[in-house]
Amino acid sequence: MLTPISNKAIPACFIAQKSAQPSFLSLPLEIQQEVEDLLDFSGRQAMFGAKITVTRNGEAVEEPAVKLRLIKSRINEKYQRDLVNSDRELHKFAFSQLERLSALGKLDEVIEKNEFCWLLWLIDKPEISEFLQVKIKENPELERKLWNWVMLSRLEEVQIKAAHAITFLVRAGVQFNNKNLNGIRVPGADLSDGAFDSAQLQGADLRNVHFHRTWLQQANLSRAQMSGVQFGELAYLQEESNVTSCAYSPDGKAFAVGLGNGNINVYTTLAWEKVLTLEGHTNSVRSIAYSPSGIQIASGSEDETVRVWDMQSGAVVYILEDHTDPVWSVTYSPDGLQIASGSVDYTVRLWNVQSGMAVSTLKGHTSSVLSLAYSQNGTQIASGSLDKTIRIWNTQDGSLIRTLEGHKGGTYNIAYSPNGMQIASGGVDTMIRIWDVQNGAAIYVLEGHRGEIHSLAYSPNGMQIASGSDDSTVRLWNAQTGMPLQILEGHTHPVFSVVYSPNGTQLASGGDDETVRLWDTQRRSSIHRLEGHSESITSACYAPDGEQVASGSFDSAVRLWDARGAIARILTGHTAEVYNVVYSPSGTQIASGSADKTIRLWDAQNGAALHTLKGHNGPISSRLVYSPDGLQIASSSDETIRLWDTQSGMTATILEGHTGDILSVMYSPDGLQLASSSVDQTIRVWDVQSGATVRVLKGHTKWVSGIVYSPDGLHIASGSADHTIRLWDVQSEVTIHMLEGHTDAVLRVVYSPSGTQIASGSSDKTVRLWDVYSGAVIHILRGHTDKISSVAYSPCEALIAAGSDDNIIRVWELASGECVKVIQEMCGDSIAWKKTPEGSYLLTCGEEDRLLRQWKVKKEEGYTAELEYISLHGQLNVRNMLIEEVSGLSQTHEKLLKQRGAVDRCK
Numbered sequence: 000m001l002t003p004i005s006n007k008a009i010p011a012c013f014i015a016q017k018s019a020q021p022s023f024l025s026l027p028l029e030i031q032q033e034v035e036d037l038l039d040f041s042g043r044q045a046m047f048g049a050k051i052t053v054t055r056n057g058e059a060v061e062e063p064a065v066k067l068r069l070i071k072s073r074i075n076e077k078y079q080r081d082l083v084n085s086d087r088e089l090h091k092f093a094f095s096q097l098e099r100l101s102a103l104g105k106l107d108e109v110i111e112k113n114e115f116c117w118l119l120w121l122i123d124k125p126e127i128s129e130f131l132q133v134k135i136k137e138n139p140e141l142e143r144k145l146w147n148w149v150m151l152s153r154l155e156e157v158q159i160k161a162a163h164a165i166t167f168l169v170r171a172g173v174q175f176n177n178k179n180l181n182g183i184r185v186p187g188a189d190l191s192d193g194a195f196d197s198a199q200l201q202g203a204d205l206r207n208v209h210f211h212r213t214w215l216q217q218a219n220l221s222r223a224q225m226s227g228v229q230f231g232e233l234a235y236l237q238e239e240s241n242v243t244s245c246a247y248s249p250d251g252k253a254f255a256v257g258l259g260n261g262n263i264n265v266y267t268t269l270a271w272e273k274v275l276t277l278e279g280h281t282n283s284v285r286s287i288a289y290s291p292s293g294i295q296i297a298s299g300s301e302d303e304t305v306r307v308w309d310m311q312s313g314a315v316v317y318i319l320e321d322h323t324d325p326v327w328s329v330t331y332s333p334d335g336l337q338i339a340s341g342s343v344d345y346t347v348r349l350w351n352v353q354s355g356m357a358v359s360t361l362k363g364h365t366s367s368v369l370s371l372a373y374s375q376n377g378t379q380i381a382s383g384s385l386d387k388t389i390r391i392w393n394t395q396d397g398s399l400i401r402t403l404e405g406h407k408g409g410t411y412n413i414a415y416s417p418n419g420m421q422i423a424s425g426g427v428d429t430m431i432r433i434w435d436v437q438n439g440a441a442i443y444v445l446e447g448h449r450g451e452i453h454s455l456a457y458s459p460n461g462m463q464i465a466s467g468s469d470d471s472t473v474r475l476w477n478a479q480t481g482m483p484l485q486i487l488e489g490h491t492h493p494v495f496s497v498v499y500s501p502n503g504t505q506l507a508s509g510g511d512d513e514t515v516r517l518w519d520t521q522r523r524s525s526i527h528r529l530e531g532h533s534e535s536i537t538s539a540c541y542a543p544d545g546e547q548v549a550s551g552s553f554d555s556a557v558r559l560w561d562a563r564g565a566i567a568r569i570l571t572g573h574t575a576e577v578y579n580v581v582y583s584p585s586g587t588q589i590a591s592g593s594a595d596k597t598i599r600l601w602d603a604q605n606g607a608a609l610h611t612l613k614g615h616n617g618p619i620s621s622r623l624v625y626s627p628d629g630l631q632i633a634s635s636s637d638e639t640i641r642l643w644d645t646q647s648g649m650t651a652t653i654l655e656g657h658t659g660d661i662l663s664v665m666y667s668p669d670g671l672q673l674a675s676s677s678v679d680q681t682i683r684v685w686d687v688q689s690g691a692t693v694r695v696l697k698g699h700t701k702w703v704s705g706i707v708y709s710p711d712g713l714h715i716a717s718g719s720a721d722h723t724i725r726l727w728d729v730q731s732e733v734t735i736h737m738l739e740g741h742t743d744a745v746l747r748v749v750y751s752p753s754g755t756q757i758a759s760g761s762s763d764k765t766v767r768l769w770d771v772y773s774g775a776v777i778h779i780l781r782g783h784t785d786k787i788s789s790v791a792y793s794p795c796e797a798l799i800a801a802g803s804d805d806n807i808i809r810v811w812e813l814a815s816g817e818c819v820k821v822i823q824e825m826c827g828d829s830i831a832w833k834k835t836p837e838g839s840y841l842l843t844c845g846e847e848d849r850l851l852r853q854w855k856v857k858k859e860e861g862y863t864a865e866l867e868y869i870s871l872h873g874q875l876n877v878r879n880m881l882i883e884e885v886s887g888l889s890q891t892h893e894k895l896l897k898q899r900g901a902v903d904r905c906k
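Going by numbering that gives the first Met the number 0, the sequence shown opens with residue 0, and the numbers climb by one from there.
As structure tokens, this is what we get:
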């Protein structure tokens, strides 16, 4: 089943392991590449050093241009990126050349320098993209020149320059949404991380183009040439049961998948075809491991056994039955002579591979042993347990060497670094801890996952850590610094297994969604240093002048975006989720409220932190509001409202009186009063100067979800879980209208800009428009299939938009009540409108998927909505992309695209 390495490669591998001999270069290239794949990381780096070293009079010559040519001509393409990114001198060379060309006003000439462009596009340093982004923003003429090269490729033989030009534009953050790119010829371009929503690419020459994490939703690629394209991932493997464990064979030519139904499926990695199914376990397989020779697999199961399988025949060699509870982890020792197994029976057992007999039993854990890992030299084994500890044992005598403590929950997975100096562990507490093996100290704590961590793996070169979690994501981390590198999304359920291929160029992840996903690990996102949010967006709003958008997120950051969709600033300081952000009336200040119980005030121009407002004893989860003059800000938490001086950051007044959580606060238009609504079923109106309660509005029979003042300040509208909206006279406390009709809780209430209408959104999946004078229903806006999460009027009251938990935003025309636009795949948790000078509207939405999108909504024959920009997305999106009559697309990639929602109407 497995293809052996060639006879020529075997002696060459031994030579290469010992020294990087120049005579190696005389071997055929295919043999050189085969040997490089077999070397460990240090051996491979030594070999690369020999290949790209130039000497003069016996001394090594450090000439970046020469080194560049040698890397391109002598190094296997799959290793070029890692080699370039490990060479600081090449980084300095690239940046200095960019600065020199920029100083001469000739930055557009970079596209004529093929080798230099090749270097630029390989480097994963965000500083380069940041530099290009700034230069494009400063010099519109540069962007126009690059665009001209792309368009000229339709007619003239300038494909290479056009490919460099469009790569440059993508690296600089220019987006191509809705652009007509029909017939462009850009073979070899790197469009990774680009935004091409609804772009027209019919008949384009896209051979060998890189589309890693590219946004191609609704793009039309009909009749495009697509041979050699790369998408950064392969079609996923659809299994018949949940995937609990994955393993590559040591030579990378086979791949095994352990399943919840007790089977193990084995694939060849050349074509990803299933070649063998190992059957015998009577319960879920929890762990699988290849022997170092690749001729056996060991599997641990909930049926309380370990099975050892022969990979040539698929037969069971041994059944190891000493455990008395489910076996959750199995692994081979590096020399292949032992198998270790960890069980719910609290023990670790070591087995002799030759005889199948138990050698020793390691006892000490006080709960289930869920994970095991041998050190590189095989002298130690580490075990992770539900008892919150990691124990390191001596494999010779079974003695306990050290106990690592620090996790706040059970440890599901542990992994030794390739050099044996560190251990990574993850588990119930959602954190990854990196430990020093020598002294047991915690080096780093990696935070980011929002669910239990089930699996960890070091890359073969030790530079990366991959983790899989209950939050359905795979995350990549820098193993040296602990910094996050990338989030890989695609799984729809918890991820139970992550594993690198032996050469480190691929990562496989298996999950509860019954799929194995295959990722390219070599091309990380490097478009912007100022990246988009890494967690759900909770709040988004326009600055008063419409030239900036602020967004808050579960990732604890506030981000400021300019009118083109580029990130202008990242504001950090909060230590927990940011629930809301708001601009001051002048637009010079931003306030953010967080789960860390603080409000932070920021300078909107330069992002500087102005004040941190402390005093609340709970999260700032309800709305923050500035007073109309911008001198005060009101916040609510812990049943109190605090009024703060925005100049000093000091508390001006504390308002107390509610007997339940406060759900919303709002200043009157004149700034003299403040209204608040609560779970206690009341609305309180406060005097801002004295802090006294002026009125208590009673009538609702359940919690009051939201309130809003009329534009003239005479009325307050309130929505409640009692299914009603009440319109109150502020002076007399009288209910003017009780608006009835909703059949479930009212979640959103908003006045139209003119004050003549009220819109309400409800859990009953409808939006209702009400006449404020008569209390009559004007329109019932239907179509959503889940509760309404947001409602917003356009500035001139022509349109109203509503977001829903059904992941759709609907836009209705107010006059007719007709739904004029449906925007798919967007729940619209936070919606904001802006009118453009030409009379169209910009609709900005923040999402649970971490993305900020801005749509241009305009009326032509009907209403259209075009995506203006999308924040850095970090995932391949080809939903509804057309691939009719494309040429050269491999079956594997065609399968991937169709799995992801691409459409071929001809088949």
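By construction, the Cβ of each residue, glycine as well, lies at the ideal position given by its N, Cα and C atoms.
This one's a predicted model, so the numbers in the text were calculated from it and none came from an experiment.
query	result
Locate the alpha helix (DSSP H) running through Ala164, then write down its first and last residues.	158-170
Check Leu154 in the structure and name its three-state DSSP category.	coil
Among Thr891, Glu534, Asn460, which has the Cα closest to the Cα of Leu487?	Glu534
Please go through the segment 492-562 and give each complete beta strand (DSSP E) segment of 3 or more residues, from N-terminal end onward.	494-499, 505-510, 514-519, 536-541, 547-552, 557-561
Express the C-alpha separation of Glu126 and Tyr317 in angstroms, rounding to a whole number.	55 Å
Can you round the beta-carbon distance between Ala603 and Gly586 to whole angstroms, since I take them to be within the 8 Å contact cut?	6 Å
Exposed or buried, Cys905, counting other C-beta atoms within 10 Å across all chains shown (16 or more means buried)?	exposed
Thinking just about the alpha-carbon of each residue, which of Glu320, Val274, Val329, Gly293 is nearest to the one in Gly299?	Val329
Using the Cβ count rule (16 or more neighbours within 10 Å means buried), how would you classify Gly617?	exposed
Quick check on Asp81: does DSSP put it in helix, strand or coil?	helix
Tell me the DSSP bridge mates of Gly379?	In the sequence on display, residue 379 carries Gln and not Gly. According to DSSP, Gln379 bridges with Asn393.
Can you tell me the Cβ-Cβ gap for Ile263 and Ile294, rounded? I've got them flagged as a contact below 8 Å.	Incorrect: roughly 15 Å between the Cβ atoms, too far for contact.
In whole angstroms, what separates the C-alpha of Val693 from that of Val684?	5 Å
Does DSSP put Phe94 in a helix, in a strand, or in coil?	helix
Which residue's Cα is closest to the Cα of Thr323: Asp309, Pro333, Ser340?	Ser340
Around the Cβ of Gln756, are there at least 16 other Cβ atoms within 10 angstroms (buried) or fewer (exposed)?	buried
In the DSSP output, what is Glu232 paired with across the bridge?	Trp518
Residues bridged to Ala255 by DSSP?	Ala246, Val265
Mark Thr681 as exposed unless 16 or more other C-beta atoms lie within 10 angstroms of its C-beta, in which case mark it buried.	buried
Are the C-beta of Asp511 and some C-beta of chain B separated by less than 8 Å?	Here chain B cannot be found, since the structure has a single protein chain.
Starting from the N-terminal side, write out each stretch of the beta strand (DSSP E) that is 3 residues or longer and does not extend beyond the segment 740-771.	745-750, 756-761, 766-770
Mind listing, in chain order, the continuous alpha helix (DSSP H) runs of no fewer than 4 residues lying wholly within the segment 180-236?	none
Please classify Glu513: is it buried, with 16 or more other beta-carbons within 10 angstroms of its beta-carbon, or exposed?	buried
With distance defined between alpha-carbon atoms, name the residue in Ser240, Glu272, Cys245, Ala270 nearest to Gly261.	Ser240
Is Thr891 helix, strand or coil by DSSP?	helix
Rank His714, Asp679, Val687 by C-alpha distance to the C-alpha of Lys701 and give the top, closest one.	Asp679
Which first and last residues belong to the alpha helix (DSSP H) in which Leu118 is found?	113-121
In chain order, what residues of the same chain lie with their CB nearer than 8 Å to the CB of Leu190, ignoring the 5 residues before and after it?	Ile165, Thr166, Val169, Val208, His209, Phe210, Thr213
Out of Met420, Val436, Ser398, Leu385, state which residue places its alpha-carbon closest to the alpha-carbon of Asp428.	Leu385
Using a Cβ-Cβ cut-off of 8 Å (strictly less than) and excluding sequence neighbours within five positions of Ala775, which residues of its own chain qualify?	Trp769
Tell me where the alpha helix (DSSP H) around Ser128 begins and ends.	125-137
To the nearest angstrom, how far is it from the Cα of Ala864 to the Cα of Glu817?	15 Å
Would you tell me roughly how many angstroms separate the C-alpha atoms of Gly313 and Leu275, rounded to the nearest one?	7 Å
Three or more beta-carbon pairs under 8 Å between the segment 535-550 and the segment 490-507, yes or no?	no
Could you check the C-alpha separation between Ala456 and Trp392 for me, to the nearest Å?	20 Å
Measuring only the C-alpha atoms, how far is His492 from Val242?	11 Å
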